[in-house]
Amino acid sequence: MQLRAINYSINGIHDNLLDISQKHDYLFVNPKAGFVVPVNKRNQVYFSAAIANREPTRTDLKDADLDNQPKEELLLNIEAGHTYTSNDFRFHTNLFFMDYKDQLVMTGKINRVGDPVLPTCLIVIVQVLSWLLDGSLLQI
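Mapped onto my numbering, the consecutive letters of the sequence shown carry residue numbers 1339 to 1478.
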């Protein structure tokens, strides 16, 4: 479990002489849990779930248009996998599911002073299946 508190206070004038004074307070609770279950001598399965939050950077806030301030990101990450182990190699299969809400994304757009604008994308879902084979396949 992670607890994060972030306080941003920005006071001043931007390069284009606009007042960019602003204050942002964030409080995040980021839980994570998981387990590994040995099925037998050669096989095990695992599962984990986590929630992660991330605040925009000061630069994101400073350079954003005042009517389009970035929001904090929320990620739900779920992973499940299987490992098979023999005397000569180990084979891992892992499935990731990542569900983002309000993710800051690069779009190529720039703001009034030429800095990148990172709008929040409402929902981004990433699903990945990966494999890893390691060890010595041939013994010499």
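From the three backbone atoms N, C-alpha and C, an ideal C-beta is built for every residue, glycine too.
Rounded C-alpha distance that separates residue i from residue j
i, j, result
"residue 1419", "residue 1443", "29 Å"
"residue 1350", "residue 1357", "6 Å"
"residue 1477", "residue 1423", "Residue confidence is low: residue 1477 scores 49 on pLDDT, short of 50, so the model does not pin down where it sits. Its coordinate-derived value is still stated next. Whole-angstrom Cα-Cα distance: 16 Å."
"residue 1370", "residue 1413", "12 Å"
"residue 1448", "residue 1403", "10 Å"
"residue 1429", "residue 1383", "12 Å"
"residue 1398", "residue 1415", "24 Å"
"residue 1360", "residue 1345", "11 Å"
"residue 1438", "residue 1392", "11 Å"
"residue 1373", "residue 1386", "7 Å"
"residue 1452", "residue 1468", "39 Å"
"residue 1396", "residue 1380", "49 Å"
"residue 1347", "residue 1446", "27 Å"
"residue 1432", "residue 1421", "9 Å"
"residue 1427", "residue 1378", "16 Å"
"residue 1355", "residue 1362", "21 Å"
Buried or exposed by the 16-neighbour rule on C-beta atoms within 10 Å, applied to residue i
i, result
"residue 1480", "This structure does not reach residue 1480, given that the chain is present from 1339 up to 1478, and the question cannot be answered."
"residue 1401", "buried"
"residue 1353", "exposed"
"residue 1340", "exposed"
"residue 1405", "exposed"
"residue 1440", "buried"
"residue 1394", "buried"
Cut-off 6 Å between Cβ atoms - residues of its own chain near residue i, not counting five sequence neighbours on either side
i, result
"residue 1434", "1417, 1466"
"residue 1343", "1365"
"residue 1472", "1428"
Cβ shell of residue i (< 7 Å), same chain only, five flanking positions each side left out
i, result
"residue 1390", "1368, 1413, 1415"
"residue 1376", "1382"
"residue 1470", "1430"
Any chain B beta carbon closer than 8 Å to residue i
i, result
"residue 1430", "Note that chain B does not occur in the displayed structure, where there is just one protein chain."
8 Å Cβ shell around residue i - same chain, five flanking residues per side excluded
i, result
"residue 1410", "1364, 1366, 1391, 1392, 1393, 1394, 1440"
What residue ranges within the region 1389-1421 form continuous alpha helix (DSSP H) runs of no fewer than 4 residues, ordered along the chain? Whole alpha helix (DSSP H) segments, 4+ residues: 1396-1401.
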